[in-house]
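In this text, residue positions in the sequence shown follow this note's numbering: the first is 27, and each later residue adds one. Inspection log for the structure reproduced underneath, given as structure tokens.
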Amino acid sequence: MDARLYDDVLAFTECIKDTPEYREYRDKKRQIVEHPGLLEKAEDLKKKNLELTSSFEAGKDTLEELMRFADKYEDIFMEPVINDYLLAEAAFCKMMREVLTMTMERIDF
Numbered sequence: 027m028d029a030r031l032y033d034d035v036l037a038f039t040e041c042i043k044d045t046p047e048y049r050e051y052r053d054k055k056r057q058i059v060e061h062p063g064l065l066e067k068a069e070d071l072k073k074k075n076l077e078l079t080s081s082f083e084a085g086k087d088t089l090e091e092l093m094r095f096a097d098k099y100e101d102i103f104m105e106p107v108i109n110d111y112l113l114a115e116a117a118f119c120k121m122m123r124e125v126l127t128m129t130m131e132r133i134d135f
């Protein structure tokens with residue numbers, strides 16, 4: 027890798043780490059880790075959610091499936107530490123998607 031690009035990537039990484047989204051995510055992750063078992067519950071919930079959303083088919087009652095999922099895992103969703111962590115992670119991921127989209131739009135790929 028070109029030395030200038032390497033240095034720019036390091037600087038870019040520091041910019042990302044200085045965003046409110048990243049700082050909030052890092053803070054919420056630190057908080058959830060302090061509660062034994064909660065991070066594992068959050069990660070399991072994300073995995074199950076991905077499986078559910080990946081299995082959607084045209085013509086199926088998607089809303090009904092989502093409601094069953096929400097009801098089944100309501101106690102996990104209602105755990106403030108888990109909820110705060112998931113919201114912070116989602117905000118950080120959204121920011122990163124926007125950054126990556128902007129980057130790819132500016133490269134003739």
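Glycine included, each C-beta is placed from N, C-alpha and C at the ideal position.
Among the options, nearest to residue i - alpha-carbon criterion
i, options, result
"Y48", "I133, Y111 and F135", "Y111"
"C119", "H61, F135 and E50", "E50"
"M121", "L89, L36 and T45", "T45"
Three-state secondary structure (DSSP) of residue i
i, result
"M27", "coil"
"F135", "coil"
"T45", "coil"
"E40", "helix"
"E60", "coil"
Cβ-based neighbour list, residue i, same chain, cut-off 7 angstroms, excluding 5 preceding and 5 following
i, result
"I102", "K67, L71 and I108"
"K54", "D110, Y111 and A114"
"I42", "Y48"
"L65", "I58 and V59"
Sequence-distant residues of the same chain with beta carbon closer than 8 angstroms to residue i, five excluded per side
i, result
"D28", "none"
"A96", "F103"
CB contact flag (residue i, residue j, <9 angstroms)
i, j, result
"E91", "L78", "yes"
Handout entry: alpha helix (DSSP H) runs contained entirely in the segment 69-105, provided each spans 4 or more residues
Key = 88-98 and 100-103
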